[in-house]
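Last residue of the sequence shown: 682 in our numbering, with the numbers rising by one and none dropped.
As C-alpha cells, the structure follows; a few thoughts come after it.
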Amino acid sequence: MDASLTLLKDCVVGPVPDTLFGSFVEHLGRAVYTGLYEPGHPKADADGFRSDVIDLVRELRVPLVRYPGGNFLSGYDWRDGIGPREGRPVRLDRAWHSVETNQFGIDEFVDWSRKAGVGVMAGVNMGTGTPQDAADLVEYCNHPGGTAWSDLRVRNGHPEPHGIHWWCVGNEMDGDWQIGHLDAVSYGRKAREAIKLMRWTDASIATVVCGSAGPGMPTWPEWDRIVLEHTYDLADCLSIHRYYENTGNEDDFLAVFRDTDRFIETSVATCDYVKAKVRSKKAMMVSFDEWNVWYQSRWNQGEQERKPWEKAPRLLEDRYTLLDALAFGGMALSLLNHADRVRIACLAQLVNAIAPIVAEPGGPVWRQSTFYPFRDVSLFGRGVALRPLARAPMRETAWGDAPTVAFAAVHDEAAGLLTVFALNTDRAQARRTRIDLSSFGASAMERRTELTGPDLHAVNSVRRPDAVRPAAVRVSRGDRGVYAVTLKPASWNVLRFRTIPAIQPPHSNLP
Ligand code: AHR
C-alpha cells in the first residue's frame, strides 16, 4: 500500500462545532445586490430575496453567515441601512469603489438569514465607527424594547429582537487598505472599550477581535499578541484570515493545507502564550472568518483601478477550477483537524464575490467547483473529529515537507456514521490506501464519491454548470474493518462508513 489511515475511536481531536461551516456575505460587488437581493428577478420572493440562491445556501447547510464586511465594514454606518427604503442615503463605498444604495441593511439581512436557515454573525465598524456606534447597533438588534434604538427596530417592522450572538469587532484593522486602520495598541484599546459597551448592552453576546490580516503582514503575529493582551478577559475568539491562489506551481498549491495547519497552530500558540501571560484559565478560540482560494493578484493587478463609480459592479468574480477545488478541500481538512480550537470558520464568501454560488442577474444560479468540497464537509463533517493516524509518501513543497495524501475524519456516533475525507495531491500517481477502522467494531462502506477529472483547469459556467462535479464510486468491502481503496491522482474523496456498535454481552449477575 502507498498510504494508510488508522482511526481509533478514542483518539479524537474534539467535537466539531457547527459553526465550522459558516460563510460570509459582504457588501462587495454583486454579493448582496443581484446576489441575495434582486427584486424583480423571476425567482425573487416578496422581500426581493432570490429563492434560487436560498435553495443553494440551504443545500450547503451553512449554519452562520458573517455580515456586512470585510473592508466594507470599516466605512459603514449601519444607520444608513435601516428604516423606509426611500429615505435611505446613497453613499460612496470607498472600500470597494462602488455606489452603495443602502436598500439592504441589517434588518433585511436578518430576514434573509431566517429564510435561508442560517445564523447571523454581525460586525461593528472599528474604522470610522466608535464604541458608542457599536453598542447602539447591539441595542438596536438585541434589546427587547422601550429604548430609542430598540423601539426604532420595532417601528421598522421587527417587534422581536434579532438575538444576534456573535459579533466581530472590526475587520483586518492592521491593514493599511482598511478605512481607519490602526496600530495594535490603538486597536486593542478601542476594541476593549467597544466590547465593554456592547456587553453592557447585552451580556449574552460573544465577540471576536481582529487578529492580523494574515501571515504575510509584517505585523503578524505580534499584532495578535498585543490585541489579545488588551482584550483577553472580554473576547471569545481571535479572528484570522487566509487566502491562497495558484501562482504556477501546482504541487505547492495542492499542498496549501500544510500552511493552513501551521497558520492555525501559530495563532493558537499566540493565544496560549497570552493566556499564560495574563494568568487566564480561559482558552481563547480562533474564528477563521475568512478562508478561501482568491486570485488576489488579479485584483492587485488592476481590477480596482477602474472605473466609474457603479452600483453592484462585477468585482472579485473568480471562476474556480477543479484544481482550486482540490486546494480548497485541503484547507477544509485543516479546519476539521483543528476543530478543538477553531470555533468558527467562514468561507469567504458565499455568493458571486469569490464564492461557491454564482447568481446571474436576471438569470440562473450555478455551483462553482468549490461548492462540492464545502458541501461535503458541511454535510458529513458533523460529529467528533478523529485524529488521523496517517502515513503517505512525503514531498518537498513551498510550505515544507507535506504528505501527498491528506486526511480528516469525523464520527457521528449517534447516527452510526463515520466519514473519511482524503485528498490525493499527487497529480501523476494514484495512491493505494489502507483504511483501518477495526477499532470501531463492525463497519461497512456505504457510499463513496470523488471529485477529479482529466482537466485540472476545468471550470463550471452558466453554459456548462456541471463540468466539475463529484461522481459516485463503487464501494469496497472491508475485511474486519480494514479497507483497501485507490485514490485517483489529484482527487478529493469522501468515504462514508456505517459503524455498527459492538454488541454488548448480555448482562450477567455472576460475580
Ligand atoms: O473577502 C474579501 C476581502 O478580503 C475582505 O473584505 C477583507 O476582509 C479581506 O481582505
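For every residue, glycine included, the Cβ atom is placed at its ideal position computed from N, Cα and C.
Nothing here was measured: the structure is a model prediction, and the numbers come from that model.
Across the set E436, N595, P484, the C-alpha of P484 shows the shortest separation from the C-alpha of E271. A direct Cα-Cα distance of roughly 9 Å separates I671 from E584. By the 16-neighbour rule on beta-carbons within 10 angstroms, D347 is exposed. Per DSSP, the unbroken beta strand (DSSP E) holding A530 starts and ends at 528–530.
Of V325, G501, R433, P234, the smallest CA-CA separation from A287 is found for P234. Counted as a single uninterrupted DSSP element, the beta strand (DSSP E) harbouring D607 occupies residues 602–607.
Under the three-state reduction of DSSP, C408 is assigned to strand. A contact is defined here as three or more CB-CB pairs under 8 Å, and the region 563–581 meets this definition with respect to the region 419–438. Under the DSSP assignment, G571 falls outside any alpha helix (DSSP H), being part of the beta strand (DSSP E) whose first and last residues are 571–574. DSSP places V380 in the uninterrupted beta strand (DSSP E) bounded by 377–381. The Cβ atoms of V295 and V236 lie no closer than 8 Å to each other. Note that the C-beta distance between V639 and G624 is below 8 Å. Per DSSP, S222 has no beta-bridge partner at all. Just measuring C-alpha positions, the residue of I350, A266, V309, L308 sitting nearest G298 is I350. With a cutoff of 8 Å on beta-carbon distance, A306 and V340 are scored as not near each other. Comparing alpha-carbon positions, the option among L521, Q539, G649, E461 lying closest to M502 turns out to be E461. Residue environment for A406: buried (at least 16 other C-beta atoms within 10 angstroms of its C-beta).
G612 is not a Cβ neighbour of R669, given a cutoff of 8 Å. A Cβ-Cβ contact shorter than 8 Å links G206 with A530. Annotation for H412 indicates a beta carbon within 7 Å of some heavy atom of ligand 1. Linking W371 to E400 through their CA atoms gives a straight-line distance of about 21 Å.
With 16 or more other Cβ atoms from the protein chains shown falling within 10 Å of its own Cβ, L497 counts as buried. Ligand 1 approaches N242 closely enough that one of its heavy atoms is under 7 Å from the residue's Cβ. In the three-state reduction of the DSSP assignment, D650 falls in the strand class, which pools E and B.
Taking C-beta atoms as the reference points, L557 and A577 fail to come closer than 8 Å. When C-alpha distances from W337 are compared across D373, F243, V356, the shortest belongs to D373. Ligand 1 has no heavy atom closer than 7 Å to the beta-carbon of L207. Comparing alpha carbon positions, the residue from E488, D422, D404, D607 closest to M456 is D404.
A check of alpha carbon separations from L494 across W663, G254, K478, A215 identifies W663 as the nearest. Counting only runs of 4+ residues, the alpha helix (DSSP H) found wholly inside the region 289–327 occupies 302–313, 319–326, in chain order. DSSP, reduced to helix, strand and coil, places R469 within a helical segment of the structure shown. C-alpha of N508 to C-alpha of A579: approximately 6 Å in a straight line.
Rounded to the nearest whole angstrom, the C-alpha separation of E331 and F275 is 19 Å. Only buried fits K361, as 16 or more other CB atoms lie within 10 angstroms of its CB. W267 carries a coil assignment under DSSP once its states are collapsed to helix, strand and coil.
Each of K659, S614, V633 was checked against the Cα of R648, and the nearest Cα belongs to S614.
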